[in-house]
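Enquirer:
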Amino acid sequence: MSVETTNKDLDKKDYTGVNEYIKKVLSMIEKDEITKEDAEWITRETVDGFREHVNPGFLDYRKSVTKDKQFAAVEWSDSGSCFKDVNGKEYIDCLGGFGIYNVGHRNPKVMKAVTDQLSRQALHSQDLLDPLRAMLAKILAEITPGDLKYSFFVNSGTESIEAALKLAKMYSDRTTFIATTRAFHGKSLGSLSATAKGVFRKPFLPMIQGFRHIPFGDIEMMRKTFGSCALVGEDVNAVILEPIQGEGGVMLPPDGYLKEVRALCDEFGALLIFDEVQTGMGRTGTMFAADGYDVVPDILCLAKAFGGGIMPAGAVVATEEVFRSLFPNPFMHTTTFGGNPLACAAAIATINVLIEEKLPERSAEVGEYLLGKLRNVAENFPEQVLEIRGKGLLIGVEFHTDEIGYEVSKGLFDNGVLVAGTLVNSKTFRIEPPLTISIEEVDKVVETFKLVLEKLNTN
């Protein structure tokens with residue numbers, strides 16, 4: 110078949126039907142209010158679309174989907190600490206997009222910064238110097254711990270980990286990385302090599318070489334691993350840690366552990382990478398978890414809440430000593446959309462909100478209040494609840510079994526509270542609401558938690 114014939118055949122494709130569908134979707138997007146009929150159509154199209162064109166597995170995973178998979182709670186709008194589904198039911202968001210809504214849903218300052226920038230320029234040319242990237246980097250140098258100075262901007266947490274690992278490799282010819290069990294650092298091949306969850310790793314083995322995993326919190330095992338690696342000529346390049354493990358179940362480090370890790374890295378000439386994708390931006394009661402533990406890493410990874418819940422955005426911030434390996438050729442690691450003007454505007458406004466509204470401090474205060482209230486409830490249900498732990502507004506509720514955890518998270522959802530518990534892994538669910546959550550909303554979450562446990566206890 111000739112090229113001309115092929116092109117003619119392609120030209121004959123009729124897009125009329127799909128374009129009519131597109132126009133209907135766009136008409137839904139522009140509506141301020143939707144009707145009951147609109148809601149039914151949106152729900153049906155969403156469920157069918159996931160089944161036929163996204164991934165039917167999500168219909169088994171989402172606790173908002175009925176057993177016959179014909180109905181689901183479909184989110185449609187949000188503001189403050191809540192969001193609504195297409196039928197107008199409101200939910201208190203204690204999942205927070207796994208930690209992206211630190212400054213609240215659709216924070217007006219962040220929205221304004223992004224729309225103001227959008228009215229002038231959305232993306233950069235890639236050739237001229239873009240001002241907001243420079244300004245955001247300067248701001249980060251001011252607010253991050255110690256002598257962290259240079260920033261590389263990305264679109265997601267996984268990308269920030271990839272950049273950090275490559276930066277560490279550029280800095281040193283050492284090839285060994287130490288990560289910890291239960292760690293989660295992302296799912297691209299590089300970040301997945303640091304991630305510890307076998308179910309995510311096994312289908313993609315072998316991973317990137319050189320990663321060793323040791324138990325989180327075990328400083329003696331880490332010391333022995335450093336020593337063993339040195340003895341066999343496979344010296345450690347870097348240790349990568351979440352200061353508090355999020356996906357792993359909100360696992361807090363033992364007292365003094367992070368400082369001891371820092372000392373070991375210094376002793377053996379290795380770098381320390383903190384993955385603060387989830388713990389950063391005020392989540393744990395200080396601007397960064399590193400601040401709360403008084404430890405300065407060589408490389409700091411940020412994302413999730415970095416874009417204010419408006420834009421996908423992340424950053425890797427490093428010391429000049431580490432970052433200078435990229436000075437001779439800054440194109441050794443690049444990204445088309447990372448550090449774009451809209452993302453930078455969102456991040457700058459987010460930092461402004463965190464500082465002016467004292468949200469890290471608020472996270473510490475409200476988190477302590479919520480933690481105490483939840484523990485008071487849990488004392489009456491020892492056969493269901495194993496432990497409640499957390500720091501700031503990153504809280505983990507651990508149950509005796511996955512089944513109990515799922516039933517509680519489902520019960521909370523049915524009563525208008527969304528937590529990070531799923532059918533896949535519910536033994537521990539996370540509570541990480543916007544740092545702007547009101548005390549009244551916190552009290553309602555606690556009351557609902559008690560109600561669900563009481564109902565579960567009587568069944």
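Anchor point for the sequence shown: position 424 equals 533 in this note's numbering, and the numbering is continuous, going up by one each time. Beta carbons: idealized from backbone N, C-alpha and C, even for Gly. Just so it is clear, the structure is predicted and the values come from calculations on it, not from any experiment.
(1) In three-state DSSP terms, what is Ser260?
(2) Could you round the C-beta distance between Lys306 and Phe293 to whole angstroms and report it? I think they count as a contact, below 8 Å.
(3) For Gln354, does the three-state DSSP call read helix, strand or coil?
(4) Write down the C-beta distance between Leu527 and Phe558 rounded to the nearest angstrom, noting that I regard them as a contact closer than 8 Å.
(5) Classify Thr395: buried if its beta carbon has 16 or more other beta carbons within 10 angstroms, exposed otherwise.
(6) Measuring alpha carbon to alpha carbon, tell me which of Leu411, Ile353, Phe440, Thr284 ends up nearest Leu502.
(7) How would you label Ile497, buried or exposed, when you count the other beta carbons within 10 angstroms and need 16 or more for buried?
(8) Take Glu507 and list the residues in its own chain whose beta-carbon comes closer than 6 Å to its own, dropping the five residues that flank it on each side.
(9) Determine the direct distance from the alpha carbon of Gly505 to that of Leu204, and round the result to whole angstroms.
(10) Can you say whether Asp569 is buried or exposed, counting buried as having 16 or more other CB atoms within 10 angstroms of its CB?
(11) To which residues of the same chain is Cys453 closer than 6 Å at the C-beta, ignoring the five residues directly before and after it?
(12) Start and end of the beta strand (DSSP E) containing Gly499?
(13) Between the alpha carbons of Leu298 and Leu274, how many angstroms are there, rounded?
(14) Looking only at its own chain, which residues have a Cβ that is under 7 Å from the Cβ of Ala455, when we skip the five neighbours before and after it?
(15) My guess is that Val212 and Thr459 are in contact by the Cβ rule of under 8 Å, so how many angstroms apart are they, rounded?
(16) Check Cys453 in the structure and name its three-state DSSP category.
(17) Alpha carbons only, please: which of Glu271, Lys553, Val163, Ser186 is nearest the one belonging to Ile143?
(18) Enumerate, from N- to C-terminal direction, the unbroken alpha helix (DSSP H) stretches of 4 or more residues contained entirely within the region 199 to 256.
(19) Examine the Cβ distances between the region 436 to 451 and the region 406 to 415 and report whether three or more of them are shorter than 8 Å.
(20) If Ser269 and Val386 are in contact, beta carbons under 8 Å, what's the gap, nearest whole angstrom?
(21) What distance in whole Å lies between the Cβ atoms of His233 and Ala288, which are believed to be in contact at a cut-off of 8 Å?
(22) Am I right that Val183 and Asp194 are in contact with their C-beta atoms under 8 Å? What's the rounded C-beta distance?
(23) One question on the structure: do Val555 and Val475 come within less than 8 Å of each other, judged by their Cβ atoms?
(24) Just to check, is the beta-carbon of Leu435 closer than 7 Å to a non-hydrogen atom of the ligand ADP?
(25) Classify Gln230 as buried or exposed, calling it buried when 16 or more other Cβ atoms lie within 10 Å of its own Cβ.
(26) To the nearest angstrom, how far is it from the Cα of Glu465 to the Cα of Arg471?
(27) Specify, as a first and last residue, the run of the alpha helix (DSSP H) that Asp71 falls within.
(28) Straight-line CA distance for Leu463 to Met390?
(29) Just list the residues that DSSP pairs Asp384 with in beta bridges.
(30) What first and last residue would you give for the alpha helix (DSSP H) that runs through Val308?
(31) Between the beta-carbon of Asn346 and the beta-carbon of Arg283, is there less than 8 Å?
(32) Return the CA-CA distance between Glu139 and Ile457, expressed in angstroms with no decimal places.
(33) Leaving aside the five residues before and after Tyr200 along the sequence, list all residues of the same chain whose C-beta is less than 7 Å from its C-beta, in chain order.
(34) Since Glu271 is in the alpha helix (DSSP H), which residue starts that stretch and which ends it?
(35) Between Ser136 and the rest of its own chain, which residues show a CB-CB distance below 7 Å, the 5 nearest in sequence each way excluded?
(36) Tell me whether Phe262 is buried or exposed, calling it buried when 16 or more other Cβ atoms sit within 10 Å of its Cβ.
Expert: The answer reads as follows:
(1) Against the sequence shown, residue 260 aligns to sequence position 151. Strand at Ser260.
(2) Here residue 306 refers to the residue found at position 197 of the sequence shown. Here residue 293 refers to the residue found at position 184 of the sequence shown. So it is a contact: roughly 7 Å between Cβ atoms.
(3) Position 245 of the sequence shown, counting from 1, holds the residue named residue 354. Strand at Gln354.
(4) Along the sequence shown, one-based indexing puts residue 527 at 418. Along the sequence shown, one-based indexing puts residue 558 at 449. With 8 Å as the limit, Leu527 and Phe558 do not qualify as a contact, their Cβ atoms being about 13 Å apart.
(5) What you label residue 395 is simply residue 286 of the sequence shown in a count that begins at 1. Its Cβ being crowded by 16 or more others within 10 Å, Thr395 is buried.
(6) For the purposes of this step, residue 502 is identified with residue 393 of the sequence shown, where counting begins at 1. The option with the nearest alpha carbon to Leu502 is Ile353.
(7) Along the sequence shown, one-based indexing puts residue 497 at 388. When all chains shown are included, Ile497 counts as buried.
(8) For the purposes of this step, residue 507 is taken as the residue at position 398 of the sequence shown. Cβ within range, chain order: Leu495, Glu496, Thr537.
(9) As a first step, residue 204 must be located in the sequence shown, where it is residue number 95. As a first step, residue 505 must be located in the sequence shown, where it is residue number 396. Taking the straight line joining both Cα atoms gives about 11 Å.
(10) Because the chain here runs from 110 to 568, residue 569 falls outside it and cannot be looked at.
(11) Start at 1 with the first residue of the sequence shown, and residue 453 comes out as number 344. Only Leu241, Arg242, Leu245 meet the Cβ criterion.
(12) For the purposes of this step, residue 499 is taken as the residue at position 390 of the sequence shown. Looking at the DSSP string, the run of the beta strand (DSSP E) that includes Gly499 is 494 to 500.
(13) Walking along the sequence shown from the start, residue 298 turns up at place 189. Walking along the sequence shown from the start, residue 274 turns up at place 165. Taking the straight line from one Cα to the other gives about 11 Å.
(14) Locating residue 455 in the sequence shown gives position 346, where the first residue counts as 1. Contacts found: Val219, Ala222, Val223, Gly416, Gly417, Ile419, Met420, Ala422.
(15) The sequence position of residue 212 within the sequence shown is 103, counting from 1. The sequence position of residue 459 within the sequence shown is 350, counting from 1. Between Thr459 and Val212 the Cβ distance is about 6 Å, and since that is below 8 Å, they are a contact.
(16) In the sequence shown, the residue the question calls residue 453 occupies position 344. Helix, per DSSP.
(17) In the sequence shown, the residue the question calls residue 143 occupies position 34. When only C-alpha atoms are compared, the closest one is Ser186.
(18) 205 to 208, 217 to 227, 240 to 252
(19) no
(20) For the purposes of this step, residue 269 is identified with residue 160 of the sequence shown, where counting begins at 1. For the purposes of this step, residue 386 is identified with residue 277 of the sequence shown, where counting begins at 1. The Cβ separation is near 6 Å, so the contact holds.
(21) Translated into positions along the sequence shown, residue 288 becomes position 179. Translated into positions along the sequence shown, residue 233 becomes position 124. Going by Cβ atoms, the distance from Ala288 to His233 rounds to 34 Å, so no, they are not a contact pair.
(22) Indexing the sequence shown from 1 puts residue 183 at position 74. Indexing the sequence shown from 1 puts residue 194 at position 85. With 8 Å as the limit, Val183 and Asp194 qualify as a contact, their Cβ atoms being about 6 Å apart.
(23) Residue numbering aside, residue 555 sits at position 446 when the sequence shown is read from its first letter. Residue numbering aside, residue 475 sits at position 366 when the sequence shown is read from its first letter. The answer is no: Cβ separation not under 8 Å.
(24) Looking at this structure, you won't find the ligand ADP or any other ligand, since it has none at all.
(25) Within the sequence shown, residue 230 is the residue found at index 121, counting from 1. Exposed is the call here.
(26) The residue given as residue 465 occupies position 356 in the sequence shown. The residue given as residue 471 occupies position 362 in the sequence shown. Roughly 11 Å separates the two Cα atoms.
(27) Lying outside 110 to 568, the shown extent of the chain, residue 71 is not represented and no answer is given.
(28) By 1-based counting over the sequence shown, the position of residue 463 is 354. By 1-based counting over the sequence shown, the position of residue 390 is 281. Taking the straight line joining both Cα atoms gives about 8 Å.
(29) Start at 1 with the first residue of the sequence shown, and residue 384 comes out as number 275. Cys410, per the DSSP bridge assignment.
(30) Reading the sequence shown from its first residue, position 199 is the one you call residue 308. Val308 -> alpha helix (DSSP H) spans 307 to 310.
(31) Position 237 of the sequence shown, counted from the first residue, corresponds to residue 346. Position 174 of the sequence shown, counted from the first residue, corresponds to residue 283. Yes, the pair counts as a contact, with Cβ atoms nearer than the cut-off.
(32) Position 30 of the sequence shown holds residue 139. Position 348 of the sequence shown holds residue 457. Taking the straight line from one Cα to the other gives about 28 Å.
(33) Your numbering for residue 200 matches position 91 in the sequence shown. Cβ within range, chain order: Cys191, Phe192, Gly525, Val526, Leu527.
(34) Taking the sequence shown and counting its residues from 1, one reaches residue 271 at position 162. Residues 266 to 280.
(35) Position 27 of the sequence shown, counted from the start, is the residue given in the question as residue 136. Excluding sequence neighbours, Ser136 sits near nothing in its chain.
(36) Taking the sequence shown and counting its residues from 1, the one referred to as residue 262 is at position 153. Under this definition Phe262 is a buried residue.
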